[in-house]
Amino acid sequence: MLEIENSRCLPSVVALAADRTPLTGRAALQRAVNRPDMTERAPKRALVRQDAVLLGGRAVPTEELAAAVLRRVREAAVAAHGGTAPARTVLTHPVRWGAAELARLTRAAALAGIEEPELLPEPVAAALHHTRTADLPEGACLAVYDLGGGTFDTAVLRRTADGFTTVAVGGDPDLGGEDLDDCLAELLRERAVARDPDPWKELTESAEPASIAQLALLRREIVAAKEALSTAGSVEIAVPGYSEPFLLRAHEYRAAVTPLLKRSHEVLAATVAEAGVEPAALHAVVLTGGASRTPLISDLIAEREGRLPALSADPKATVALGALVSNAVTDTASSGAHGAEVGVRGPRYLRPDGDPDFEFGFEFD
Numbered sequence: 012m013l014e015i016e017n018s019r020c021l022p023s024v025v026a027l028a029a030d031r032t033p034l035t036g037r038a039a040l041q042r043a044v045n046r047p048d049m050t051e052r053a054p055k056r057a058l059v060r061q062d063a064v065l066l067g068g069r070a071v072p073t074e075e076l077a078a079a080v081l082r083r084v085r086e087a088a089v090a091a092h093g094g095t096a097p098a099r100t101v102l103t104h105p106v107r108w109g110a111a112e113l114a115r116l117t118r119a120a121a122l123a124g125i126e127e128p129e130l131l132p133e134p135v136a137a138a139l140h141h142t143r144t145a146d147l148p149e150g151a152c153l154a155v156y157d158l159g160g161g162t163f164d165t166a167v168l169r170r171t172a173d174g175f176t177t178v179a180v181g182g183d184p185d186l187g188g189e190d191l192d193d194c195l196a197e198l199l200r201e202r203a204v205a206r207d208p209d210p211w212k213e214l215t216e217s218a219e220p221a222s223i224a225q226l227a228l229l230r231r232e233i234v235a236a237k238e239a240l241s242t243a244g245s246v247e248i249a250v251p252g253y254s255e256p257f258l259l260r261a262h263e264y265r266a267a268v269t270p271l272l273k274r275s276h277e278v279l280a281a282t283v284a285e286a287g288v289e290p291a292a293l294h295a296v297v298l299t300g301g302a303s304r305t306p307l308i309s310d311l312i313a314e315r316e317g318r319l320p321a322l323s324a325d326p327k328a329t330v331a332l333g334a335l336v337s338n339a340v341t342d343t344a345s346s347g348a349h350g351a352e353v354g355v356r357g358p359r360y361l362r363p364d365g366d367p368d369f370e371f372g373f374e375f376d
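Just so you know, we're using this note's numbering here: the sequence shown kicks off at 12 and counts up by one.
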């Protein structure tokens, strides 16, 4: 597994330097602290929603922002293999993306120096990774629940002799891990305002550079606290302007995110129903995406589906790792409306296989 900046996960944030050179990774995160107006935190979402975004008062094509992340990962992979270019690149994508979205991603890849990438739907990649360690007989169905940073996708797939057929797809483009961050941020806001509203107002409404930087750092602390609450019973968050930190408990966070996660399960249930498959007949429910580690997700699925979902040790990397074992497997969807014969997603994680003539896969979240 390739590491960039000592991590297998490269944040998909893109920021512009003073000379408008695109920054990625930690440099982008640091730039975002002081210049949020020069930062795009969700380039994948922007890529499919608009042609350009305003950064620092100027329009920047979203394909260029996506290309910056792709280029960073590709260059790191090439450098790790002595300057050898990959023999094969697989880009994964939400299964509901159509021709227009896939074309945008392909153009972004070309800008990043990736010519003719193979395109693979994310649920298929997740299913392929699952079958590396679990037997799935031909004709069996599984469901995929993919909760990433900015999007939520579901799918039901059927195992075939050649790979997988997409039976039904669903999702919510306006639901993602960032919404869980917002729930915790709102919980913190309520606690802070109840103690003293003035420091919170100063922090969140001030246009002073110092306040803007403090607010950006607080947002990062909230994300870290959310992740910690997956295993810890409570966390403390220090907020500028308050002498004592705020204690937030896991059960409070759980209550705050329950409506959103129930909504996500309703989408999953609707996808399974559309597939015409009884929940009990599913061979597995596969969780993928970094936000899928939230314990309440597994609890809801176990309660309503009568089974524990399959969650890998590194759900963030599930799709990218599945892309690497895809070989010539294609998705022969029963409905061409979903464009699932071939698909794309984007880059965020990659894994060269170590061979000098190497291959790698991306998941762009």
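The beta-carbon is built from N, C-alpha and C at its ideal position, and this holds for glycine as well. Since this is a predicted model, take the numbers as computed values, not measurements.
Straight-line Cα distance separating residue j from residue i
| i | j | result |
| --- | --- | --- |
| Ser23 | Glu75 | 13 Å |
| Pro220 | Asn45 | 7 Å |
| Ala57 | Thr73 | 6 Å |
| Arg99 | Val89 | 12 Å |
| Pro184 | Val84 | 25 Å |
| Ser303 | Pro326 | 7 Å |
| Asp207 | Leu240 | 25 Å |
| Val25 | Ala224 | 17 Å |
| Asp193 | Asp48 | 19 Å |
| Leu258 | Pro33 | 37 Å |
| Arg202 | Thr117 | 45 Å |
| Ala77 | Ala227 | 22 Å |
| Arg42 | Val64 | 17 Å |
| Leu122 | Ala79 | 8 Å |
| Ala114 | Asn17 | 32 Å |
| Ala339 | Arg231 | With a pLDDT of 38 at Ala339, under the threshold of 50, the modelled position of this residue cannot be trusted, and the question is left open. |
| Leu40 | Ala292 | 44 Å |
| Gly150 | Thr171 | 6 Å |
| Asp342 | Cys20 | Residue confidence is low: Asp342 scores 40 on pLDDT, short of 50, so the model does not pin down where it sits. Its coordinate-derived value is still stated next. In a straight line, the C-alpha of Asp342 is about 27 Å away from that of Cys20. |
| Val388 | Ala249 | Lying outside 12 to 376, the shown extent of the chain, residue 388 is not represented and no answer is given. |
| Asp62 | Gly244 | 43 Å |
| Glu213 | Ser222 | 8 Å |
| Thr329 | His262 | 28 Å |
| Gly182 | Lys237 | 23 Å |
| Ala87 | Glu314 | 43 Å |
| Pro320 | Leu198 | 28 Å |
| Leu279 | Pro270 | 14 Å |
| Ala38 | Val71 | 19 Å |
Whole-angstrom C-beta distance between residue j and residue i, which should lie under 8 Å
| i | j | result |
| --- | --- | --- |
| Gly300 | Leu139 | That pair is no contact at about 16 Å. |
| Thr165 | Val180 | 7 Å |
| Cys152 | His294 | 6 Å |
| Val296 | Arg318 | 7 Å |
| Ala120 | Leu81 | 6 Å |
| Glu112 | Val59 | 5 Å |
| Leu272 | Leu322 | No, Leu272 and Leu322 are not in contact; Cβ-Cβ is about 14 Å, not under 8 Å. |
| Leu191 | Thr35 | Leu191 to Thr35, Cβ: 24 Å. No contact. |
Residue nearest to residue i in terms of C-alpha spacing, selected from the options
| i | options | result |
| --- | --- | --- |
| Pro290 | Glu316, Thr305, Ala203 and Thr242 | Glu316 |
| Thr50 | Glu285, Asp190, Arg31 and Val250 | Arg31 |
| Arg92 | Ala38, Glu14, Arg60 and Leu113 | Before going on, a small fix: residue 92 reads as His here, not Arg. Closest by alpha carbon: Glu14. |
| Ile308 | His294, Val268 and Val283 | Val268 |
| Pro97 | Glu285, Ile125, Ala196 and Ala110 | Ile125 |
| Ala28 | Leu21, Gly67 and Arg60 | Gly67 |
| Arg265 | Lys212, Leu195 and Val283 | Leu195 |
| Val135 | Val167, Ala328 and Pro148 | Val167 |
| Leu131 | Pro270, Thr142, Gly36 and Phe175 | Phe175 |
| Arg274 | Gly187, Gly109 and Ala70 | Gly187 |
| Glu129 | Ala331, Pro270 and Val101 | Val101 |
| Leu298 | Ala137, Ala87 and Leu191 | Ala137 |
| Gly287 | Arg169, Arg52 and Glu127 | Arg169 |
| Arg52 | Ala110, Pro306 and Glu189 | Glu189 |
| Glu200 | Pro54, Thr95 and Leu229 | For clarity, residue 200 is Arg in the given sequence; the question names Glu instead. Measuring from the Cα of Arg200, the nearest candidate turns out to be Leu229. |
Which parts of the segment 187–237 are runs of the alpha helix (DSSP H), unbroken and 4 residues or longer, counting only runs that do not cross its ends?
188–206 and 208–216
Quick check: the segment 102–114 against the segment 147–166, are there 3 or more CB pairs under 8 Å?
yes
May I ask you to verify whether the segment 252–270 touches the segment 207–216, counting CB pairs closer than 8 Å and requiring at least 3?
yes
Quick check on the DSSP output: what are the complete beta strand (DSSP E) runs of length 3 or more inside the segment 55–113, in order along the chain?
63–66, 69–72 and 99–104
Start-end ranges of the beta strand (DSSP E) lying completely within the segment 270–309, minimum 3 residues
295–299
As an exercise, report each continuous beta strand (DSSP E) stretch of at least 3 residues that is fully enclosed by the segment 153–187, in chain order.
163–170 and 175–183
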